[in-house]
Every structure is written in structure tokens, then in C-alpha cells.
Amino acid sequence: MFKKILIANRGEIALRVIRAAREMGVATVAVHSTADADAMHVRMADEAICIGPPPGTDSYLSVSSIIAACEVTGAEAVHPGYGFLSENAGFVQALEDHDIGFIGPTAEHIRMMGDKITAKDTMKKLGVPCVPGSDGGVPDYETAKKIADDMGYPVIIKATAGGGGRGMKLAKTADDLEVAFRTARSEGKSVFGNDEVYIEKYLTTPSHIEVQVFGDGKGNAVHLGERDCSLQRRHQKVFEEAPGPNITPELRKQIGETCAKAVAGINYIGAGTIEFLYENGEFYFIEMNTRLQVEHPVTECIYGQDLVREQLLVAAGEPMTFGQDDLVLDGHSIEVRINAEKLPNFSPCPGKVTAFHAPGGLGVRMDSALYTGYSIPPYYDSLIGKLIVHGRDRPEALARLKRALGELIIDGVDTTVPLFHALLEEDDVLTGDYNIHWLEKWLETNM
Ligand code: ADP
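Going by this note's numbering, the residue at position 244 of the sequence shown is 244; the numbering climbs one at a time, nothing skipped.
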């Protein structure tokens, strides 16, 4: 096992990694920008090193600074968390060139899945069902028009390099297609440096169901069931649960085994998520994320496994500690994403936290880097905490979530907590009867 690792991230996910490492007796190095000198991850790590000024591009995204920090501190491997450099194949390559380990998949797999067209093509060949659409990239509007007319509307134009809900444009009818095509292209170019786009049938009532997979890099892989992340605003998840309220054990086994087999087939190493849209009993692959995800704790709760610990183990060349038969689903778990944002517009709301109290008790987990007196800097993502609950069944998890939200105190800044109080009054949320469009519609009439 590694003696020391460096965490190339900040906030709650940096704490999450420190916690796993500490339980394994692995020393940790935190990196931070000048804006984060007082951040909790800096306090909690064994060592900390400043890597640059506030903007992410000059600090948490600076490959040379992070490699220098590894060399100065003697860290043997880097955990990237999510976001920042976690899906940057060039970073993984640079670490390899400096003989530093990466706690995640290979550069080749990151590259393969980071390009959505290649990812879809690979998954199709591995027997994973995909959303109907163009066969690869679409070079120009005329071709797009022909494909969309043949397939029928609505369609969605997606940038192959897109992510975080960016680079996707809906065309409800043929009249919208030209604008959708051109804006998806230009957004792909300006945000991701790649203007290649493809077309998919736009599904009108699907759920977002994603399967957690884990591989050892030697052809063995398992699945840890699914998460339902359908409650989204602007294609961004806000409320996630596991298992999916509408997924039967038979469906779970079927899609889980398909996914485990697919990642075993490419010798995938570490944690990964295969995302699907699920409609009328059918799964349609949309993309694979080659990292630990924000919502991984709901899976950890129901399977009683520590995914970060497992990531460290396989990255150090050790075998996985569980096989498929060891993974038995227990109960129900829900996570809500608490952002420093002001409702109803969800505008960022950084500032000083004058009081913070995390809820506790049976089945409650709060992953957050907040503390009383902490100033949330304006430079980064607005996620400031994740409240995760676990119950014996879905009604118990919902009741526990309501109780825990009531205990949570975050004073001084606006947060998305009132949104969750309101959602827990909705029958559709209580019965699990929602799809990916439900929250947007609800926000239109309720906020
Ligand atoms: P990103 O990489 O930006 O997260 P994804 O491909 O994972 O993009 O899609 C994000 C979300 O966008 C999905 O969860 C879903 O809500 C919506 N979406 C993507 N593709 C489709 C589609 N073909 N039909 C309907 N909604 C879609």
C-alpha cells in the first residue's frame, strides 16, 4: 500500500479521501489555492501545500504545480476526486511520466469515455444498449437534417466532448434544428475545444439510472447496483437515491451484469459509472464517467462498502476485497446536494458561514467541509455539503431525510435546503414517481 498520497481537490471530496486514507494508515497531502488556506481539507490532511492563486486554472487544474507538490512531499500517488483533473487523460499521462501513481483508471480509458462518440461506439460493441441516433459524428447541418427527419423529432444535439450539462441542445421540431446544431457545435468548441457533435433521439419521459461498476484492471469487475438521479435542474443532479424506486431486482441483475461484463471486457480499473436513460422497461446508454461520483455515498450506504478505500487498494496493485456474491443490497439511501445558492434563481451565494451544525443520529451521514466561521470562496463550485441518509426501506429513508434536514443549521449564506423541504411534501417524490423532466416542471410552477 502507498505510504503517502496527494489529493488534487478541495471541499467535501478532499475530506472524503482523507478519511479513507487515514483509516488505512496512509498519510495525506492536501493542495490548496491561496483562497483555501483556511479550508477544512488543509486542516485535516497530514501535510498541506499551496499550489497557486484562487482561479482553478492556476491551482487545482495546474498539472505542473500538482506534480511539483508530489515531488516536494514524496507523495506516491494522486487521488483526483471529481471535477478538476479527474477525467483529464493528459494529467494521468504526465503523472506516469514522473513515475507517480494515479488513483483512477488509465489515460486510455479516460480518453475513450471522455469522447462520447467513442464511448458509445465502444459500449455498443460490448453489448450495452444505446440511445438511438447518428452513427458517430455529424459533419454538417444538412446531414443532421437528414438524420433527424428520418429518425423523427424531438432530437438532441450533443457535443462529443460535452459534460456537466453543457454542449447539449434540444430540437423539438425541424424548425429548431439549425439553431440547436450550430449552438451545440459552438459551445463544444468554446467550452471543450472540440466542435464535433452527434444526434440522439430525445426521450420524453425517461429516468436517469446509472450503474456503479468497479474493476481490478485485470479483467475482473463487479456492479454495485444502480442510482436514480432523475431529479435534475439544467441536466445537473440535485437529489439521488439507491436503489432506483422503479427498478426490480431482475432488472438490476440484468443491467448490472451487462455493465460489469462490459468493463471487465476492457480491463477497467477502479470506480466507474455507466449512465443510462430508462424508459418503458428499456435502458439506453448515454455516457460513462471514469471517476468517483458526487453521489457515490448512496451506493456505499446500501452495500456497506467504502469505494474510496477500494480505489486505493486496486491502484496500489492489491486485489479487490469483494466479489459480486459479497455485494448484498441492504435498505434504501438518499442524498441531497446542498449548494450555496439563493432560490428561486439558484444564484451562487458565497460568504461567511456564521453557524454550522450537522445533523446526526442513526443512518445519517453529512459529507461537508463547512465549519462555523468558514468563508465560502466565490471561485469554485457551489456544492457545500451532501446530506445522505440510509433507512431499511424508502419510506424510512424519506422520513429520516426530513428529520435530518430539520436538524441542519447553515447560517450566513443561502442554500438549497428549502428546496428539499418543499420536495419532501410532494406526492410524486414520496412515491418515486418522477422522470428527468419532473423537477424543471415543478420549479416552473413552484418557484
Ligand atoms: P453530461 O455529460 O453533460 O452530464 P449526459 O449525456 O450525461 O451529459 O446527460 C445529462 C442529462 O441530460 C441526462 O441525465 C438527461 O437528463 C439529459 N439527456 C441526455 N441525453 C438525453 C436524451 N437523448 N434524451 C433526453 N434527455 C437526455
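For every residue, glycine included, the Cβ atom is placed at its ideal position computed from N, Cα and C.
By the neighbour-count definition (other C-beta atoms within 10 Å, threshold 16), Gly11 is a buried residue. For Gln254, there is no enclosing beta strand (DSSP E); the enclosing alpha helix (DSSP H) covers residues 249-265.
Within 10 angstroms of the beta-carbon of Gly363 lie 16 or more other beta-carbons, which makes it buried. With a contact defined as Cβ atoms closer than 8 angstroms, Lys158 and Ala184 qualify at about 7 angstroms. At the C-beta level, Leu6 and Thr73 come within 8 angstroms of one another. According to DSSP, residue pairing for Glu341 in a beta bridge involves Pro348. No heavy atom of the ligand ADP is found nearer than 7 angstroms to the CB of Leu439.
Fewer than three Cβ pairs drawn from the stretch 84-96 and the stretch 252-266 lie within less than 8 angstroms of each other, which leaves the two stretches out of contact. Nearest to Asp367 by alpha-carbon distance, out of Met112, Val298, Pro55, is Val298. In the DSSP assignment, Arg400 falls within the alpha helix (DSSP H) that extends over 394-407. Closer than 7 angstroms to some heavy atom of the ligand ADP: that does not describe the Cβ of Val328. For Arg252, the closest alpha carbon among the candidates Lys261, Glu226, Arg166, Phe420 is that of Glu226. In the three-state scheme derived from DSSP, where H, G and I count as helix and E and B as strand, Phe84 is classed as coil. Note on Glu96: under 16 other CB atoms within 10 angstroms of its CB, so exposed under the neighbour-count rule. Distances from the alpha-carbon of Gln324 to those of Gln305, Leu312, Ala340 put Gln305 closest.
The beta carbons of Ser375 and Gly351 sit closer together than 8 angstroms. The closest CA to that of Pro132, considering only Leu307, Ala399, Arg403, Glu279, is found on Glu279. Minimum Cα-Cα distance from Arg111 among the listed residues Ala404, Ser86, Thr248 corresponds to Ser86. Listed as beta-bridge partners of Arg233 by DSSP are Gln236.
The C-alpha of Thr34 lies about 15 angstroms from the C-alpha of Ala8. For Glu187, the shortest separation between its Cβ and any heavy atom of the ligand ADP does not lie below 7 angstroms.
Between Cys50 and Ala39 a beta carbon distance of about 11 angstroms is seen, past the 8 angstroms cut, so the two are scored as non-contacting. Remark: C-beta atoms of Ala397 and His332 approach each other more closely than 8 angstroms.
Residue pairing by DSSP leaves Asn194 without any beta bridge partner. Between Asp115 and Ala161, the beta carbon gap of about 7 angstroms places them in contact (Cβ cut-off 8 angstroms).
The three-state secondary structure of Arg227, taken from DSSP, is strand.
The C-alpha of Leu292 lies about 8 angstroms from the C-alpha of Val308. Taking the Cα of Thr28 as reference, the smallest distance to any Cα among Pro53, Ser65, Pro80, Asp58 is reached at Pro80.
8 angstroms or more divides the Cβ of Gly361 from the Cβ of Arg394.
Between the C-alpha atoms of Val42 and Ala369 there is a straight-line separation of about 10 angstroms. The secondary-structure analysis by DSSP pairs Lys158 across a beta bridge with Met168, Tyr198. Here Val353 is near Thr372, since their CB atoms are less than 8 angstroms apart. For Ile286, the shortest C-beta to heavy atom distance toward the ligand ADP is below 7 angstroms.
According to the DSSP secondary-structure assignment, Asp367 is paired through a beta bridge with Lys386.
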